[in-house]
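Here our numbering is used: the first residue of the sequence shown is 65, the next is one more, and so on.
No residue lacks a Cβ here, since even glycine has one placed at the ideal position from N, Cα and C.
If you're wondering where the values come from, they're calculated on a predicted model, not measured in any experiment.
Remarks on the structure that follows.
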Amino acid sequence: MSTTRSLTFLGWAILFLWRPNLTQAQHPNHAGKYPKLCIQQSWVDPEQICIVDIVSKFDLIQADLSPEQIRAIRSLNPRAVILPFWSTHFNMPNYNSSGSTVMDLDEFRRDVNSNREKGFDGMYIDLWNLLRDSFADSLANLLRTIWPNGIHVVNAANSFEHSFALNGFLFEDWPVYSGRYDYYVVGPLATWRARGYKPTVIVFNIRSYGVESEYFWEKARLATAMGLLHDELYVMYNYGSGGSPHWAVPWWFDEWNVELGSPIGPPQQLGTEVYYREFTNGVVICNLSGETRRVKRSDLPVSGELYRIRGGQVPSWNNGMPFEEVELKGWRLNDVDNKYAKRLGDAIVLLKSPATVVSDILIDDGGTDDVDPHPNYMGRFVQSGMQFDPYGYRKWKNAWYVYGHSSCYYAPPSNGNSWARWIPQIHITGSYEVFEWHPTSSDLAKDARYTVKAGDKVTSITVNQTMNGDRWNRLGVFWFRAGDENYVEVRSVPSGTVVADAVKFVYRGTGDFRDTEAPAPPKGVRILP
């Protein structure tokens, strides 16, 4: 019997006769977590150490990772569900000249089993929409046969209601069409709850074209609110201008740090396409009408006081004040006589007790030009006299970067003529722990000169860049006033090349600042009689 690019009789029998047992498959262990967060990276450098730092905070990770990277992520986040990014364009069935579906069943089985042996939890398959519905159903059945307990998710570019041997799908680039939320989201979700393989995993994707996007924060809040309205939705807010690839980003929003507790019932409608959902510790309100809506405190049938988050990112929005009312903007994309308009809107997360939430501020040397497309959204990287080697990734493989084959700025030996500066946008005055990341190489400086300016105080720190690479290295704890007057700077030195990579600022509270670092022991001290 032939084993060329066609299915054997037995293979077709497995494809068409197998039906899913909806009680199988392990649970992703994310019950009770809100929102559930997803990150996707279509291509990962196998030697990219920092990818572990970037993706490990997320619940659902879709990336082509090495076994070593998978193990490192699990050591930091044992609850993470990790799936490979697998493209139908290269690895999946195709069509011959007569229109018949062809594939190598043995190769498909080997590839699926290979991903299981690497340590993944299941399969994420891109471009599922290129397959005919009937064949997609059959292939989903085969995938479930090969890997019965796997978490299997596909990207069909939109919602669909077939291939129920899968756990779910990625709803790419919302809104795809001009239809209503209750038709394009609520309906398919109900179908997958009833018929899909358990647990149900639906990834809700909204993209930003960068922080210059007019609706950057609004779209982030909208994506977050959608994940809070529905238990099965995983939020994926990333960078991209359409099409493949989806670029992972280190963006992290204050709303993602809020402890909302457990939901009290399903989402409820508050007005025309305005929805809310109450949790034990707060409420989320979401405007999906495409029109601006105003919501007052008296409109919410929720007892007790409600407060806005006191956040570190958008103080005009998350100002920590008691909630009285909010204007949730709405707008429509591709609006042609209001016929094909895609509806978008804003959202807000409220708390039942006051809370301050400040996400880490991470500033990379990327995002300042075409070197790296991922913009810094809570600070700036500036430099003078620094150089960039597009092939530096071969030499500095453990630099901090998001997309593969990137590198960092550097300064050849000189007496401080070249410098780089990381300037955070601080919105809440307080103590911040500061870390730097650099690659390691024997030709780098052993005495790179870092300066931290915190208000009127300037602190100098020497870092040996030949050591302790590919990790966050602590520079100290500093009191930063709100504004953009604070910064971290590194300058060139005569002794070796200095690299300028990434800096992270971690909020530690607003209590009295005390420097807990012990001073270095004195050297060369003589006690005179």
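Find the nearest neighbour of residue i within the set the options, judged by alpha-carbon distance.
i, options, result
"Asn440", "Pro477, Trp483, Gln489 and Ser482", "Gln489"
"Arg361", "Glu388, His502 and Ala512", "Glu388"
"Asp410", "Leu234, Phe172 and Leu392", "Leu392"
"Glu244", "Ser130, Glu355 and Ala258", "Checking the sequence shown, residue 244 turns out to be Arg, not Glu. For the residues Ser130, Glu355 and Ala258, the minimum Cα distance to Arg244 belongs to Glu355."
"Trp594", "Ile115, Lys568 and Ala564", "With the chain represented from 65 up to 593, any question about residue 594 goes unanswered, as that position is not in the structure."
"Pro477", "Ala509, Ile189 and Tyr457", "Ala509"
"Ser605", "Ile113, Arg138 and Ala546", "Here the chain comprises residues numbered 65 to 593, so residue 605 is not present and cannot be evaluated."
"Glu369", "Gly346, Thr515, Gly274 and Val541", "Gly346"
"Asp190", "Arg513, Asn219, Arg180 and Ser202", "Asn219"
"Asp117", "Arg259, Asn141 and Val267", "Asn141"
"Ile266", "Tyr188, Ser470 and Thr530", "Tyr188"
"Ser556", "Ala258, Gly260, Ser198 and Arg485", "Arg485"
"Ala258", "Pro331, His94 and His226", "His226"
"Pro239", "Leu352, Lys459, Arg458 and Leu324", "Leu352"
"Leu297", "Asn321, Gly260 and Phe235", "Phe235"
"Pro558", "Asn479, Val516 and Arg538", "Asn479"
"Arg143", "His94, Ser151 and Glu132", "His94"
"Leu292", "Trp316, Val275 and Pro330", "Pro330"
Pull up the distance between the alpha-carbon of residue i and that of residue j, whole angstroms please.
i, j, result
"Gln104", "Ser423", "21 angstroms"
"Ser495", "Asn550", "12 angstroms"
"Val108", "Asp128", "6 angstroms"
"Thr264", "Thr493", "42 angstroms"
"Leu414", "Lys100", "18 angstroms"
"Arg173", "Trp211", "9 angstroms"
"Glu171", "Asn177", "10 angstroms"
"Asn481", "Gly449", "7 angstroms"
"Met290", "Val299", "8 angstroms"
"Arg358", "Val390", "6 angstroms"
"Arg407", "Arg285", "15 angstroms"
"Gly304", "Ser272", "6 angstroms"
"Asp534", "Val541", "21 angstroms"
"Leu195", "Leu203", "9 angstroms"
"Asn231", "Ala564", "43 angstroms"
"Met442", "Val249", "32 angstroms"
"Lys221", "Ala512", "Here the sequence assigns Ala to residue 221, which means Lys is not the residue at that position. The alpha-carbon atoms of Ala221 and Ala512 are separated by roughly 48 angstroms."
"Trp395", "Glu282", "11 angstroms"
"Cys102", "Ser471", "25 angstroms"
"Ile525", "Val552", "10 angstroms"
"Trp460", "Phe268", "35 angstroms"
"Leu169", "Ser151", "16 angstroms"
Return the chain-ordered list of same chain residues with a C-beta closer than 6 angstroms to the C-beta of residue i, the five sequence neighbours on each side being excluded.
i, result
"Ile134", "Ile146 and Gly183"
"Ala566", "Asp428, Trp464 and Trp501"
"Gly186", "Leu147, Gly214, Ile215 and His216"
"Leu426", "Pro314 and Lys568"
"Ile412", "Ile349 and Val390"
"Leu207", "His216"
"Gln126", "Gln104, Leu147, Phe149 and Tyr188"
"Arg545", "Thr493 and Gly519"
"Thr255", "Glu225"
Per DSSP, residue i is paired with what?
i, result
"Gln489", "Bridge partners of Gln489: none, in fact."
"Cys350", "Tyr339 and Ala411"
"Glu497", "Val541 and Val570"
"Val322", "For Val322, which the question treats as bridged, DSSP gives no partner whatsoever."
"Asp190", "Ser151"
"Glu553", "Arg485 and Thr515"
CB-CB under 7 angstroms to residue i, same chain, minus the five flanking residues each way: which ones, in chain order?
i, result
"Asp507", "Gly560 and Thr561"
"Phe224", "Phe233"
"Gln333", "Tyr339"
"Pro110", "Ser130"
"Gly547", "Ile490"
"Val378", "Trp281"
Under the rule that 16 or more other beta-carbon atoms within 10 Å means buried, what is residue i, buried or exposed?
i, result
"Met385", "exposed"
"Gly456", "buried"
"His491", "buried"
"Ala229", "buried"
"Gly96", "exposed"
"Ser326", "exposed"
"Arg341", "buried"
"Asp318", "buried"
"Leu397", "exposed"
"Asp295", "buried"
"Glu278", "exposed"
"Gly573", "exposed"
"Glu337", "buried"
"His469", "exposed"
"Gln447", "buried"
"Lys416", "buried"
"Val522", "exposed"
Excluding five sequence neighbours on each side, which residues of the same chain lie with their C-beta closer than 8 angstroms to the C-beta of residue i?
i, result
"Pro418", "Tyr371, Arg374 and Gly384"
"Asp363", "Leu334 and Gly335"
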